[in-house]
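Report on the structure given below.
Protein chains: 2
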Amino acid sequence: MIDKNISKNSFSPKESVKIVTDFLNNYQNTKVLNYLKEMHNADVADILQNLDPVLRLSLLNIISSRFDPEILTYLNDSLRDEVVETLDIKQLASNAKTLDIDDAVDLVEDLEETDQNTFLENLEETERSLIKEGLKYPEDSAGRLMQRKFVALDKTWNVGQAIDYLRSNKKELPEDFYDIFLIDNEHRVVGVVPLGRLMGSKRSINLDTIKNKETRVIDVNIDQEEVAYLFSKYGLVSAAVVNNSDRIIGSITVDDVVEVIEEEREEDMLKLGGVGQTDIYNAVIDTTKSRFSWLLVNLLTAVVASIVIGFFEASIEKVVALAILMPIVASMGGNAGTQTLTVAVRALAVKELTTSNALKIITKETFIGGINGIIFAIIISLVSMYWFQDLMLGIIIGLAMVLNLIVAGFAGTIIPLTLDKLKIDPALASGVILTTITDVFGFLSFLGLATLFLI
Amino acid sequence: MIDKNISKNSFSPKESVKIVTDFLNNYQNTKVLNYLKEMHNADVADILQNLDPVLRLSLLNIISSRFDPEILTYLNDSLRDEVVETLDIKQLASNAKTLDIDDAVDLVEDLEETDQNTFLENLEETERSLIKEGLKYPEDSAGRLMQRKFVALDKTWNVGQAIDYLRSNKKELPEDFYDIFLIDNEHRVVGVVPLGRLMGSKRSINLDTIKNKETRVIDVNIDQEEVAYLFSKYGLVSAAVVNNSDRIIGSITVDDVVEVIEEEREEDMLKLGGVGQTDIYNAVIDTTKSRFSWLLVNLLTAVVASIVIGFFEASIEKVVALAILMPIVASMGGNAGTQTLTVAVRALAVKELTTSNALKIITKETFIGGINGIIFAIIISLVSMYWFQDLMLGIIIGLAMVLNLIVAGFAGTIIPLTLDKLKIDPALASGVILTTITDVFGFLSFLGLATLFLI
């Protein structure tokens with residue numbers, strides 16, 4: 003029989019939530035504790051997230067005295083705050099011994115100031131000072147991300163010496179490590195030996211001869227997005243972090259980087275959708291507020307578009323078909339522009355779009371806008387002519403369509419590029435600028451041409 | 003001095019492209035070769051992507067005979083096809099010996115059928131059969147992703163036996179491995195020992211006593227998105243892949259999973275933006291085509307919205323202010339709905355939104371739509387009353403705004419949930435359905451209420 007601890011299928015939160023709910027409703031506290039004891043902390047976090055809020059509170063009361071702070075690292079930001087509020091910070095600190103320093107830093111940085119102090123005071127001296135040091139690095143920097151434990155060995159050692167060292171310093175080893183960093187007398191990293199290669203080599207072999215062809219180290223000051231880019235590009239599993247004098251001061255492992263990648267991608271996606279840092283667990287009032295500012299900006303741009311329409315009040319009064327058809331031109335421009343924009347924002351994020359190929363891409367996207375513009379101009383011209391039995395109206399809407407789709411292709415690339423140059427996040431602001439342009443230009447070109455040639 | 007192979011800062015494609023461009027323009031082929039020889043294949047790929055197309059062709063001609071197929075795995079899909087066309091497939095196959103099987107499978111699956119056959123025929127028998135086996139698994143499955151080499155040892159062995167085995171089977175070891183899998187007589191995985199822990203343990207210690215608390219294995223048939231979810235959730239670095247009879251047949255390492263995560267997130271983002279699988283290197287004609295179908299769908303929905311406006315032709319003729327104001331209601335609905343939609347699509351992707359909390363989230367989002375609706379109704383009412391000096395018009399646009407934002411909140415959650423239930427990718431189709439609904443309902447409610455109460 004297969005061991006029951008072997009999980010082939012993914013953990014099913016729905017089922018576990020049901021089980022825990024039943025236990026809690028029947029006040030079977032011991033059963034709950036035993037059930038959760040076997041679980042990975044990530045799964046416990048999943049259950050907390052999916053429980054009914056009232057039951058969540060009862061569960062937290064039951065597990066509070068042995069609450070593993072690692073669970074917090076798996077929770078969503080908004081729920082994490084809520085859970086921390088119900089916990090005894092002193093107790094939490096005394097349970098924090100097994101927590102990696104990088105996770106502890108991650109936890110402490112989000113606590114309120116008084117909680118931060120209580121938490122730090124109740125830690126052991128070494129842990130406290132390491133966490134405080136971690137907090138000195140800028141938010142979202144490699145310094146915040148790094149683990150303080152690492153294995154750095156003298157570059158002159160051989161495999162046997164390395165293995166003996168690891169065996170006799172078991173307590174000093176990080177919980178997880180995949181590479182051994184070779185250092186010189188000045189603690190500068192001069193090589194990386196993957197553990198697998200170390201294991202496959204005879205004791206007498208020099209570490210220096212089995213090191214990787216390339217040695218990549220991470221500057222402690224670079225942004226976590228850059229860290230993620232390097233890990234992902236070069237398929238790294240761990241990397242040494244060095245300070246300004248190139249000395250090794252920590253290491254970053256891929257599991258933390260995977261989290262960063264998820265975060266950053268999610269951020270881009272949410273920003274493109276006009277929502278900031280948010281998740282479905284956020285309180286109604288917070289969500290409403292966070293959405294509000296974006297909608298307000300949109301209202302302003304919509305009013306601007308309406309003012310433009312207002313200029314042509316007289317034309318619309320004469321030919322009401324203009325009012326009926328005008329949203330089509332604006333909408334097509336907005337959609338074509340958003341397509342271009344999405345590709346451009348992504349390309350900027352993965353560094354495929356750079357200043358060296360910017361001009362080429364702008365030209366290409368504008369050209370594509372033109373081609374699709376011509377095709378859709380023909381379609382909408384024919385539809386409009388048939389619908390309103392008016393040849394000129396068809397020609398005018400076709401012309402407006404071509405123009406707006408060219409503008410959309412151009413704006414869809416130039417806006418994110420410009421924002422990026424100005425150090426403004428292109429994912430955040432591009433969308434609203436784009437649709438303002440395509441709306442205003444769409445209405446202006448269609449109604450303007452109509453006023454010139456039709457009225 | 004620090005070794006020149008130590009890269010602290012990220013590779014700068016711009017600079018390298020300039021250097022290579024200069025070499026190529028001066029026909030300094032040997033210099034180019036030497037320059038590239040020192041480089042990581044990922045960087046060579048970067049240079050290829052950023053070079054001028056004509057120079058790219060000359061570079062490919064220069065390096066073709068020693069072209070490392072691994073470079074192809076770092077190229078964008080569209081450029082990869084272009085590069086493969088210029089290469090001699092026989093030559094490529096004979097350079098493919100160092101390629102991991104998972105990378106080889108990845109490469110072969112994208113080749114044209116004749117190229118596939120040529121490539122496979124020119125490989126060694128073992129490699130060919132492993133690749134062919136890999137291709138039997140469904141696209142985007144764990145089977146396609148897995149590496150065929152892994153270290154699986156008898157569960158009764160001790161640390162010393164493990165180390166001796168690794169040393170004497172060096173050639174059989176995977177290029178990179180981070181865990182040792184413990185297996186029983188039936189080749190079923192019963193435990194995982196991280197290399198770091200193995201290294202820190204005395205020779206006499208039994209592997210079984212130092213294995214991880216949990217053993218997670220990957221079913222060969224599950225989707226790569228599920229693999230990524232498991233790796234990311236549990237912070238895995240590698241995992242054993244098992245077949246239907248639970249026997250180990252391969253392993254997956256985190257570097258491949260990082261690629262999958264990037265791909266999947268990117269896909270979601272691009273789909274939400276109304277663009278399919280694409281990148282900025284795609285040819286103009288392909289890009290135009292891929293954008294076209296989406297814009298055509300959008301044209302149809304825009305025409306539907308216009309038909310709805312057409313119903314109220316008479317009303318607009320009487321009160322032209324309706325035409326001026328109507329885009330505001332539709333646009334606000336579209337934006338509010340997109341906000342909700344983006345959050346919902348992301349929450350579905352990371353399994354935060356499930357059937358167990360669906361009703362709660364729908365209610366919450368509809369409610370939020372209502373609150374923001376009321377606030378913006380008041381703002382736009384006041385603006386419209388002042389603008390057109392018409393009390394009733396202000397009340398009507400306010401009412402339409404509340405209604406459309408409630409519909410937007412409801413539709414923004416129910417659409418992706420329904421699509422997900424129907425096994426249709428919510429990222430792909432949600433947007434167009436949503437904006438159709440908010441446009442049609444926005445025009446209908448505003449013009450409808452106006453016709454009832456104003457005309």
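The listed protein sequences correspond, in order, to chains A and B.
Under the numbering used here, the first residue of the first sequence carries the number 3, and numbering increases by one thereafter.
Under the numbering used here, the first residue of the second sequence carries the number 3, and numbering increases by one thereafter.
For each residue, glycine too, the CB sits at the ideal point set by N, CA and C.
- Bridge partners of A/ILE182 according to DSSP: A/VAL195.
- Here A/ASP166 is exposed. Its C-beta has fewer than 16 other C-beta atoms within 10 Å.
- Assignment of B/LEU155 by DSSP, reduced to helix, strand and coil, places it in the strand class.
- Listed in chain order, the alpha helix (DSSP H) runs fully inside the region 323-376 of chain A are 323-351, counting runs of at least 4 residues.
- In the DSSP assignment, B/VAL321 falls outside any alpha helix (DSSP H) and carries neither an H nor an E.
- For the options A/HIS189, A/ILE426, A/THR289, A/ASN78, the alpha carbon positioned closest to that of A/VAL243 is the one of A/HIS189.
- Spatial neighbours of B/THR75 in its own chain (CB-CB distance under 7 angstroms, excluding positions within 5 residues in sequence) are listed in chain order as ASP105, ASP108, LEU109.
- Relative to the Cα of B/ILE417, the nearest Cα in the group B/LEU350, B/LEU451, B/GLU216 belongs to B/LEU350.
- In summary, B/LYS138 is exposed, with fewer than 16 beta-carbon neighbours lying within 10 Å of its beta-carbon over all protein chains present.
- Between A/VAL277 and chain B, the shortest Cβ-Cβ separation is below 8 angstroms.
- As DSSP reads the structure, B/SER240 sits in a beta bridge with B/THR255.
- For B/ASP221, the enclosing beta strand (DSSP E) begins and ends at 217-221.
- Against chain A, the CB of B/GLU315 has a partner CB under 8 angstroms away; the residue lies at that interface.
- Annotation for A/ASN52: PRO15, VAL19 place their beta carbon closer than 6 angstroms to its own, counting only its chain and skipping 5 residues before and after.
- CA-CA distance, B/PHE378 to A/SER447, rounds to 29 angstroms.
- In the three-state DSSP reduction, B/SER447 falls in the helix class (H, G or I).
- The closest CA to that of B/ASN36, considering only B/LEU298, B/GLN391, B/ASN124, B/ILE65, is found on B/ILE65.
- B/VAL306 and A/GLY335 have their C-alpha atoms roughly 17 angstroms apart.
- Contact check for B/ILE254 against B/ALA144 passes: the beta carbons are separated by less than 8 angstroms.
- Proximity of chain A to B/GLU319 at the Cβ level (cut-off 8 angstroms) is accounted for by GLU319, VAL322, in chain order.
- At a cut-off of 4 residues, the continuous stretches assigned as alpha helix (DSSP H) that sit fully inside the region 45-120 of chain A are 55-65, 72-76, 79-88, 91-96, 103-111.
- DSSP lists no bridge partner for A/ASN36.
- The alpha-carbon separation between A/PHE233 and A/VAL239 amounts to approximately 7 angstroms.
- Using beta-carbon distances, A/PHE448 does not count as an interface residue toward chain B, since no partner is under 8 angstroms.
- A/GLY414 sits close to A/GLY339, with the two beta carbons spaced by under 8 angstroms.
- Annotation: the continuous alpha helix (DSSP H) that includes A/MET403 extends over 393-423.
- Fewer than three pairs of CB atoms, one per stretch, sit closer than 8 angstroms, so the region 281-293 of chain B makes no contact with the region 292-299 of chain A.
- Listed along chain B, the residues sitting closer than 8 angstroms to A/TRP296 by beta-carbon distance are ASN337, GLN341.
- Closest in C-alpha terms to B/ARG199, from the list A/VAL153, A/GLY237, A/ILE220, comes A/VAL153.
- Among the residues facing chain B, A/PHE25 is not included, as its CB has no counterpart in that chain under 8 angstroms away.
- In this structure, the beta-carbon distance from B/VAL262 to B/LEU147 falls below 8 angstroms.
- At a Cβ-Cβ threshold of 8 angstroms, A/ILE399 and A/LEU327 count as neighbours.
- Look at B/HIS189: its C-beta is not under 8 angstroms from any C-beta on chain A.
- Residues of the region 135-153 of chain A with a C-beta atom less than 7 angstroms from some C-beta of chain B do not occur.
- The residue from A/SER203, A/ASN208, A/LEU424, A/GLY202 with its alpha-carbon nearest to that of A/GLY193 is A/ASN208.
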